[in-house]
Amino acid sequence: MKLQRKNRRALAFGALAVSGALALTACGSDDTSDGGGSSASSTANASTIKCDDAKGQLLADGSSAQKNAIDAWVKQFTQACGVQINYKGGGSGAGVTAFNNGQVAFAGSDSALKPEEVTASKKVCSGGQGIDLPMVGGPIALGINISGVDKLTLDAPTIAKIFNAKITSWNDPAIAKLNPGVKLPSLKIQAFHRSDDSGTTDNFTKYLIATAKSDWPYDGGKTWQAKGGQSAAQSSGVAQQVKQTNGAIGYFELSYAKDGITPVSIDTGASAPVEPTTENASKAIADAKVVGTGSDLALQLNYATKADGAYPMVLVTYEIVCDKGNKSDTLAATKAFLRYTASEDGQKVLADNDYAPIPDDIIAKVRTTIEGLS
Amino acid sequence: MDTTQITDAPPPTPQPTEAEQKRAARGATRPGDRIFLGLSRGSGILLLVIMAAIAGFLTYRASIAISKDDANFFTAFEWNTQLIPPKFGIAVLVFGTVVSSIIAMAIAVPVAVAIALFLTHYAPRRLRGPISYVIDLLAAVPSIVYGLWGALILVPHMNGLYGWLDDYLGWTGIFKWQGGAPRSMLTVGILLAIMILPIITNVSREVFRQAPQMIEEAALALGATRWEVIRMAVIPFGRSGVISASMLGLGRALGETMAVATVLSPTFDIQASLLDPGGGTFAQNIASKFGEASETGRDALIASGLVLFVITLLVNGAARMIIARRKEYSGANA
């Protein structure tokens, strides 16, 4: 009798622990993709995926910025071809390291391979080297949370001054000048940046360097360099802080700019301020030049674009593969998967998930390069 | 404690025969003994070799990183390993780690000692079990859960305390609050205090329970109040135990990673005020920078890890010295 009662109590505790754990994981997951919508719109495409003789399992690792895009693609691709793709999203640095150690079939990265990384890749790609394929574009949104303000426009020098703690109040004349008719409160600006190294920081500061050099006297790079301000880990962390703090501003991928966060439009010098949308980001990426040599398609973005409707604060993430000397047991599957992601259907999935498709003439080069992988 | 073994009469042992003595002198001779001796000795040596290998590897990688470092490793206020040449320094991390741990200790030790005294000398017998059980449960909560709780519940509720501190102690500069989100060293210290409370409480409770009954009863017989008994008999007796318990807690506070990374707003500068967001700790910095770190970046993080290791060693060494000096309070002399 006693034993039974004990067991029941243990069971209750176990159930409590399990349900608690479940509740916590439910809160912790930051699945920002609009799962329902995207799967519905692209299920029809699954039949158009060409599998060839893709089989087995693919391991991949890299940029967390493109994780949601890869997840959406993998769902479709696995359904069509039955190939398991395991993309870890451990960060660009981890992805490149894993690639150069021969642990993954391809890596995702926010920035193109550096010369020394290309040299290192020659060990893994027998007879070839690692190349960058631009695959996922995305607008970096500036998000604000100011009670009573649901629309705001900023330009590059103002953004630089805000994040460099030179402008510290929302009713600063510089901001008011850009926003006629908007009632700005006398509220302290709380600027949030990333505490971890990230490609998002890299591209955001590259934009400031290209457009507001005198107000942003830093070198750039994945590490945040300005003093002052507050920080949080990952885009999800920054977005959460902005959501919680009145007077906050932060930068993150567009998919995080929702639920109480107001996206900021940018005055680029075009005829009207540009909103951060996937379409506007694609327009800015179309201005990019291919600077990679050979089959490498590394891009140089034009952050200072003044084209109408081109949102300049963008991020391009690459898939890194060997041009020659891919492992024979993963080559077919890698090619089939990348062929799908670069296809029209694959790129369409991006816009459904708040990413920007790569413009036509660049993605055409990517497709040709993928066919040539060996 | 070890003196008791000396004063105890040793159990009578039968005199060994001459053959047995010879065998004992030669060491183990039966095959089972020899195999076991070899295995255990091998394990011992293997452990040392592994430790040496790890230490050697870490020192090697750290030295590579420090030789590349363009800034002063000990005094620079920045951590940018992606620059060419890289610049990184541990000044902010040393400050943050030490300050957050000091805050945690200042809060946790008195509270833990009070709980332990309550449990051993004041609490009704019926309450002791449940309270001890709850404290054990606290110790079993993973640190990331503390981190989530800290970020979602503790931080939003700190505003009241921060405002109060700013009103009454703002003039000191240390408690000046400029209205930033309370993701600061003080909040981290409070969270760490909650995290290290169980271990200090548990060990202190065990130590106080060992306080010699005779002395306590003698003091009571002489007319001492319960507080006087505690002050004159229990606390002096338990002091070295409480110090070791605190050092266990301090070790945890120094190395705590995920909770700090979740709650703090890390920046690479030192704030004069404990209430302003900013700063960082060794473990938090390693956790948040590792994912995107390049080869040099990892080496730099390893170098900072070595420094944390050395700090922990120094703290533990100091604790051992304090405890050794207070041996006279050991229960065996009672």
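Listed in order, the protein sequences are those of chains A and B.
Residues are numbered in the working numbering as their position in the first sequence, beginning at 1, plus a constant of 49.
Residues are numbered in the working numbering as their position in the second sequence, beginning at 1, plus a constant of 11.
All C-beta atoms in this analysis are idealised placements derived from N, C-alpha and C, irrespective of residue type, glycine included.
Being a predicted model, the structure only gives us computed values, none of them experimental.
Inter-residue distance for residue 253/A and residue 259/A is about 10 Å (C-alpha atoms, whole angstroms). Just measuring C-alpha positions, the residue of 173/B, 262/B, 334/B and 171/B sitting nearest residue 247/B is 334/B. When DSSP states are grouped into helix, strand and coil, residue 202/A belongs to the strand group. Residue pairing by DSSP places residue 371/A opposite 179/A in a beta bridge.
If only uninterrupted alpha helix (DSSP H) runs of at least 4 residues are considered, none is enclosed by the stretch 36-72 of chain B. Residue 323/B sits in a helix when the DSSP states are folded into three classes. Pairing residue 402/A with residue 109/A gives a Cβ-Cβ distance that is not under 9 Å. The Cβ atoms of residue 127/B and residue 216/B sit closer than 9 Å to each other.
For residue 243/A, the three-state secondary structure derived from DSSP is strand. Within the stretch 134-148 of chain A, those residues whose Cβ lies closer than 9 Å to any Cβ of chain B are, in chain order, 139, 140, 141, 142, 143, 145 and 146. Spanning the alpha carbons of residue 133/B and residue 222/B requires a straight line of approximately 15 Å.
From the listed residues 199/A, 221/A, 196/A and 198/A, the smallest Cα separation to residue 208/A is found for 221/A. For residue 281/A, the chain B residues whose Cβ falls inside 7 Å of its Cβ are 276, in order along the chain. By the Cβ criterion, the stretch 304-311 of chain B is not in contact with the stretch 281-291 of chain B, since fewer than three pairs of Cβ atoms, one from each stretch, lie closer than 8 Å. Residue 101/B sits in coil when the DSSP states are folded into three classes, being neither helix nor strand. Distance from the CA of residue 293/B to the CA of residue 411/A, rounded to the nearest whole angstrom, comes to 43 Å.
If only complete runs of 4 or more residues are kept, the stretch 151-228 of chain B shows the alpha helix (DSSP H) at 154-160, 170-180 and 196-220, in order along the chain.
Taking a contact as a CB-CB distance under 8 Å, the pair residue 152/A and residue 372/A does not count as one, their CB atoms being some 19 Å apart. Taking all protein chains shown into account, residue 212/A has 16 or more neighbouring C-beta atoms within 10 Å of its C-beta and is therefore buried. Proximity to residue 205/B across 120/B, 101/B and 269/B peaks at 120/B, based on C-alpha coordinates. Excluding residues up to 5 positions away in sequence, nothing lies with its Cβ nearer than 8 Å to the Cβ of residue 242/B in the same chain. Counting only the Cα atoms, residue 141/A lies some 17 Å from residue 363/A.
Taking 9 Å as the CB threshold, residue 244/A lines the interface with chain B. By the beta-carbon neighbour count (other beta carbons within 10 angstroms, threshold 16), residue 238/B is exposed. For residue 42/B, none of the residues of chain A pass the 9 Å Cβ criterion, the least Cβ distance being about 45 Å. When the five nearest sequence neighbours on each side are left out, the beta carbons in the same chain lying within less than 6 Å of the beta carbon of residue 137/A are those of 110, in order along the chain. Cβ contact annotation for residue 400/A (same chain, cutoff 8 Å, sequence separation greater than five): 327, 328 and 406, in chain order. Take the alpha-carbon of residue 413/A and the one of residue 97/A: they are about 18 Å apart. Counting only Cβ-Cβ distances below 7 Å, residue 303/B has contacts in chain A at 140, 141, 142, 245, 246, 247 and 271, in chain order. Per the coordinates, the alpha-carbon of residue 338/A lies some 12 Å from the alpha-carbon of residue 352/A. Interface criterion not met: the Cβ of residue 188/B is under 9 Å from no Cβ in chain A. At least one CB of chain B lies nearer than 9 Å to the CB of residue 278/A.
Neighbours of residue 239/A in chain B, taken as residues whose beta carbon is under 8 Å from its own, are 191 and 192 in chain order. Beyond the five residues adjoining it in sequence on each side, residue 306/A comes within less than 6 Å, by CB distance, of 190, 192 and 312 in the same chain, given in chain order. Rounded to whole angstroms, the Cβ separation of residue 219/A and residue 195/A is 6 Å, and the two are in contact under 8 Å. Distance from residue 202/A to residue 320/A at the Cβ level is roughly 13 Å; contact not present, criterion being Cβ atoms closer than 8 Å.
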